[in-house]
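Asks:
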Amino acid sequence: MATIAQWINGARPRTLPTALAPVIAGFAAAQHVNESPSWTRTLGAFAVAIALVIGVNFANDYSDGIRGTDADRVGPQRLVGSGAASPGAVRTAALICFAIAAAVGIWLSLATHWWLILVGAVCIVAAWFYTGGSRPYGYAGFGEVAVFVFFGLVAVCGTQLVVGGKIDLFGVLIAVAIGSFSAAVLVTNNLRDIDTDAATGKRTLAVILGDYSTRYLYAFLMTLPFVITVILAFHHPWTLAGLAVAPLANAAGRTVVGSKNQAGAQGPDLIRVLGQTGLIMAGWAVIIAAAFTWGIDGIPHGHLF
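Going by the working numbering, the letters in the sequence shown line up with residues 48 to 352, in that order.
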């Protein structure tokens with residue numbers, strides 16, 4: 048039987064910024080359309096996002112474990128793959144998380160727009176079939192696209208809608224930035240596992256592109272949010288504060304890509320980069336939210352969108 052510490056590790060806390068950052072960013076976007084966004088619904092959005100991310104992690108642990116694709120992994124030990132927990136127990140944990148996300152999501156939908164129930168259902172189905180089912184799309188190179196869509200566009204715009212009341216271009220741009228960061232987190236993970244994934248027939252985007260191109264994909268994904276930061280500044284100059292984490296993103300990119308005198312990060316070093324990427328994303332989201340809140344509190348700014 049797995050210990051509490053093993054269950055916590057199995058939930059993969061390093062990935063939690065992919066749950067927190069979209070909601071923080073969505074709250075920032077909500078303030079663009081509503082100067083008194085709902086804090087209760089914001090907390091509900093946090094609950095949905097956290098439950099979904101943990102549920103995805105347990106579902107991946109279960110699906111990869113029963114297929115045996117985690118046998119020689121470099122990253123943190125998995126519950127099923129290591130034998131610490133039974134497949135049934137991990138599957139149950141995933142389903143409980145999805146049930147929590149569904150329950151809170153239904154409440155948010157009934158309080159705002161009923162059709163969001165359908166969006167939530169698609170999110171849960173996508174979470175399961177990332178590595179679950181007979182033909183998981185995560186094994187066919189679509190993982191990063193799914194993360195960009197669900198943990199970027201859907202999560203940020205969904206939060207803006209339920210918290211602020213509507214979606215605008217400001218929210219979409221922030222969503223693209225968060226989606227880019229989120230995809231970079233997965234790229235780091237898949238780059239780390241590229242050899243073992245290829246050996247077990249798991250054709251992630253990293254396996255398809257190869258080591259060299261995947262490293263530059265990471266650099267691109269870590270650069271795009273700061274281009275968007277500059278664009279946002281035409282509307283709200285204070286969002287330029289988001290560039291404060293750009294040096295950290297640059298350092299992470301240089302670590303992954305490497306240089307003429309030093310090869311790009313491998314194996315365990317990429318685990319650290321994964322954590323750093325998540326923290327950079329969360330930091331950017333917090334700064335953008337704070338900057339926009341400060342502007343609303345009295346700093347004049349124009350309206351581009």
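Don't be surprised by glycine CBs; every beta carbon is placed ideally from N, CA and C.
#1: Among the residues of its own chain, which have a CB less than 8 Å from the CB of A49, if the five just before and after it don't count?
#2: For L66, which of W54, V103 and A77 has the nearest alpha-carbon?
#3: Express the C-alpha separation of P64 and I343 in angstroms, rounding to a whole number.
#4: Quick check on the DSSP output: the alpha helix (DSSP H) that includes P294 runs from which residue to which?
#5: V201: which of F189, I327, G167 and I153 sits nearest, CA to CA?
#6: Closest to V234 by CA distance: which of F281, L220, T340 and V254 is it?
#7: Leaving out five residues before and five after G211 in sequence, what residues of the same chain have Cβ atoms less than 6 Å from its Cβ?
#8: Okay, do the stretch 212-229 and the stretch 94-102 touch, 3+ Cβ pairs below 8 Å being the bar?
#9: Exposed or buried, which one is R182 when buried takes at least 16 other CB atoms within 10 Å?
#10: Flag this pair as touching only if the stretch 329-339 and the stretch 68-76 have three or more C-beta atom pairs under 8 Å; answer yes or no.
#11: Might you give, ordered along the chain, the residues of its own chain that have their beta carbon closer than 6 Å to the beta carbon of V95, omitting 5 neighbours on each side?
#12: Could you check what DSSP says for F145 in three-state terms: helix, strand or coil?
#13: Three or more beta-carbon pairs under 8 Å between the stretch 192-206 and the stretch 224-234, yes or no?
#14: Report yes if the C-beta distance between T286 and L295 is below 7 Å; otherwise report no.
#15: Confirm, please, whether the CB-CB distance from A224 to C204 is below 7 Å.
#16: Could you pull out every unbroken alpha helix (DSSP H) segment of at least 4 residues lying fully inside the stretch 237-292, listed in chain order?
#17: Do you know how far the Cα of A146 is from the Cα of F267?
#18: Given R138, which residues of its chain have a CB within under 7 Å of its CB, disregarding the five upstream and five downstream residues?
#19: Can the beta-carbon of V304 be found closer than 7 Å to that of G314?
#20: Classify I164 as helix, strand or coil using the three-state DSSP reduction.
#21: Check Y177 in the structure and name its three-state DSSP category.
#22: Ignore the nearest five residues each way along the sequence and tell me which others in Q124's own chain have a CB closer than 6 Å to its CB.
#23: Apply the 10 Å Cβ neighbour rule to G248 and answer buried if 16 or more other Cβ atoms are within range, or exposed otherwise.
#24: If you count every other CB in all the chains shown that lies within 10 Å of the CB of L351, and 16 or more means buried, which is it?
#25: Measure the Cβ-Cβ separation of F93 and A336 and say whether it is below 7 Å.
#26: Could you give the C-beta distance for T178 and A106, rounded to a whole number, given that I count them as a contact under 8 Å?
#27: Write down every uninterrupted run of the alpha helix (DSSP H) in the stretch 181-221 whose length is 4 residues or greater and which is fully enclosed by it, in chain order.
#28: Rounded to a whole number of angstroms, what is the C-alpha to C-alpha distance between V320 and G300?
#29: Taking all protein chains shown into account, decide if Y259 is buried (16 or more other Cβ within 10 angstroms of its Cβ) or exposed.
#30: Label I55 either buried or exposed according to how many other C-beta atoms from any shown protein chain fall within 10 Å of its C-beta, with 16 as the threshold for buried.
#31: In this structure, how does DSSP classify M48 when only helix, strand and coil are distinguished?
Replies: With the structure as the only source:
#1: G57, L126, A131, A132 and A136
#2: Residue 66 is actually Ala in this sequence, not Leu. Comparing Cα positions, the closest option is V103.
#3: Its pLDDT being 49, under 50, I343 is placed unreliably in this model, and the coordinates cannot settle the point.
#4: A293 to V304
#5: G167
#6: V254
#7: A77, V80, N81 and P84
#8: no
#9: exposed
#10: yes
#11: A148, V151 and G152
#12: helix
#13: yes
#14: no
#15: no
#16: 241-246, 252-256 and 258-280
#17: 35 Å
#18: Y109
#19: no
#20: helix
#21: coil
#22: none
#23: exposed
#24: Confidence at L351 is low in this model, with a pLDDT of 32, below 50, so the placement of that residue is unreliable and no value is reported for it.
#25: no
#26: 7 Å
#27: 190-195 and 202-211
#28: 9 Å
#29: exposed
#30: exposed
#31: coil
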